[in-house]
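Reviewing the structure listed below.
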Amino acid sequence: MKVAVIGANGQLGVDVANAFASRGDQVYPLKHSDIEISNCASVSNCLTELRPQLVVNTAAMHHVENCEREPEKAFAINGLGARNLSLAARDIDATLMHVSTDYVFDGDKKSPYVESDVPRPLNVYGITKVSGEYFVRSITNKHFVLRTSAIYGESPCRAKGGLNFIELMLKLARERGEVRVVDSEFVTPTSTAELAQQIVVLSRCDFYGLYHATAEGSCSWYEFAREIFALADVKVSLKVAEPNEFPVKVARPKYSVLENCGLKRKGLNIFRPWQDGVREYLSSARRR
Ligand SMILES: NC(=O)c1ccc[n+]([C@@H]2O[C@H](COP(=O)([O-])OP(=O)(O)OC[C@H]3O[C@@H](n4cnc5c(N)ncnc54)[C@H](OP(=O)(O)O)[C@@H]3O)[C@@H](O)[C@H]2O)c1
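FYI, in numbering that gives the first Met the number 0 the residues of the sequence shown are 0 to 287.
Spelled out as structure tokens, the structure:
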């Protein structure tokens, strides 16, 4: 299969490109310098020339504070970018695999969100990602929209710069005697290596539609940190941060756990408990 990966040098994009390449697919890894998704002509020219059978879009503007500061830019990338890719994919009869987010929900539900729950985003990032989902779903039938949560991978996240949550915790533990983490926001840490494998599995079928795609289970950021230190055998004093110790400038869902209902119904879910992904990440980090 000929696969174009957009955002190919990003945290998820690197693993997606590797996952397809290792299965023998022909991969076109497209960086920002190769394609500007907010520009219709750039997208159309690039995809018409390459004519991939599958387009995987991992590109986004997803730094939450930056999206709030620059809503037009966030909509141009997360909303219109998804529209431009949908139109171009439809024109060349390619399937579009588009990555979205748990931040489409407001967090009020308190039990895992399923695909049929109605989105109600709390911030510009979430609103623009929902708009992207609707563009994809309304323009091209041959689509997969995958919502994921709290991803971490071996390649750094380009939008947020520097370290993923695991590396940040390990660094703080090395530098300080005490680490303080919030215990009031619940997510599902999901490894990009595992998500990339799920994307490959889905690409082999034509059960198009909207899917939740995260590791199994959930935790608070504090519980995530506790597991990291336990698995890495790091001795550090880990404390729950006081309310408002790390004031947030932009509203975020307190609970954005997703249930992979659609994948399970189709017998396609490959995800393991989130702790397994962290263990695998740490053992591969030790080999690096
Ligand atoms: N990070 C999370 O915890 C999280 C959680 C849920 C969902 N997601 C979603 O997961 C996806 C992947 O996230 P990630 O962490 O892998 O992101 P990332 O590391 O920041 O990578 C994003 C990639 O997209 C490229 N890009 C940005 N704007 C572009 C544009 N206008 N045109 C073309 N390429 C552009 C970036 O290139 P440059 O850096 O050169 O601009 C980079 O290669 C996103 O859709 C995000 O919304 C992330």
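Virtual Cβ for every residue (Gly too), placed ideally from N, Cα, C.
Would G106 and K253 be called neighbours here (beta carbons separated by less than 7 Å)? The answer is yes: Cβ separation under 7 Å.
What are the start and end residues of each continuous alpha helix (DSSP H) run of 4 or more residues lying completely inside the stretch 151-184, in chain order? Correct list: 164-174.
Expressed to the nearest angstrom, what Euclidean distance is found between the alpha-carbon atoms of R119 and F104? Rounded to whole angstroms, R119 to F104 spans 5 Å at the Cα level.
Given 8 Å as the limit, is there contact between the stretch 252-267 and the stretch 192-210, that is, 3 or more CB pairs closer than that? Result yes; three or more Cβ-Cβ pairs closer than 8 Å.
Relative to the alpha-carbon of K109, which residue among L169, S217, E226 has its alpha-carbon at the smallest distance? Answer by Cα proximity: S217.
State the Cα-Cα distance for the pair L29 and L267, rounded to the nearest angstrom. Here the alpha carbons of L267 and L29 stand approximately 27 Å from one another.
Here's a check: name, in chain order, each residue in its chain whose Cβ is nearer than 6 Å to the Cβ of S202, leaving out the five neighbours to either side. Counting only Cβ-Cβ distances below 6 Å, and skipping sequence neighbours, we find L53.
Are there any heavy atoms of ligand 1 lying less than 6 Å away from the beta-carbon of S219, as far as the coordinates show? Result no, Cβ not under 6 Å from ligand 1.
Name the one or two DSSP bridge partners that I5 has. Paired residue(s): L29, N56.
Taking I36 and N83 to be in contact with their CB atoms under 8 Å, please state how far apart those CB atoms are, rounded to whole angstroms. Contact holds; Cβ gap of about 6 Å.
In angstroms with no decimal places, state the Cα-to-Cα distance between V247 and Y102. Between V247 and Y102, the C-alpha separation is close to 15 Å.
For the putative contact between E193 and A172, defined by C-beta atoms under 8 Å, what is the C-beta separation to the nearest angstrom? Going by Cβ atoms, the distance from E193 to A172 rounds to 25 Å, so no, they are not a contact pair.
Per DSSP, cross-strand counterpart(s) of V186: In DSSP, V186 forms a bridge with C218.
With three or more beta-carbon pairs closer than 8 Å as the criterion, would you say the stretch 174-181 touches the stretch 145-162? By the criterion of at least three beta-carbon pairs nearer than 8 Å, the stretch 174-181 is not in contact with the stretch 145-162.
DSSP beta-bridge partners of R119: In the DSSP output, where bridge partners are listed per residue, R119 has none listed.
Any heavy atom of ligand 1 within a distance shorter than 6 Å of the CB on C66? No - ligand 1 has no heavy atom lying nearer than 6 Å to the Cβ of C66.
For F206, count neighbouring C-beta atoms within 10 Å of its own C-beta (all shown protein chains included) and say buried if the count is 16 or more, exposed if not. Around the beta carbon of F206, fewer than 16 other beta carbons sit within 10 angstroms, so the residue counts as exposed.
Helix, strand or coil at G315 according to DSSP, with G and I counted as helix: Residue 315 is absent from the structure shown; the chain starts at 0 and stops at 287.
Based on DSSP bridge pairs, tell me the residues matched to V239. DSSP lists V180 as partners of V239.
Quick one, which of D90, I227, S236, R22 has its alpha-carbon nearest S282's? The residue among D90, I227, S236, R22 with its C-alpha nearest the C-alpha of S282 is I227.
By alpha-carbon positions, which one of Y221, G9, E184 ends up nearest to T57? Of the residues Y221, G9, E184, the one whose Cα lies closest to the Cα of T57 is G9.
Got a sec? Which residues, its chain only, sit under 6 Å from A158 by beta carbon, not counting five neighbours each side? Counting only residues of its own chain and dropping the five nearest sequence neighbours on each side, A158 has a CB closer than 6 Å to the CB of H61, H62.
Can you give me the C-alpha to C-alpha distance between F164 and V113, rounded to a whole angstrom? The C-alpha of V113 is placed about 25 Å away from the C-alpha of F164.
Do T147 and A212 have their beta-carbon atoms positioned less than 7 Å apart in this structure? Remark: C-beta atoms of A212 and T147 approach each other more closely than 7 Å.
Name the DSSP bridge partner or partners of R146? Paired residues: S99, H211.
Under the criterion of a Cβ to heavy atom distance below 6 Å, does I91 qualify as lining ligand 1? Taking 6 Å as the cut-off, one finds no heavy atom of ligand 1 near enough to the beta carbon of I91.
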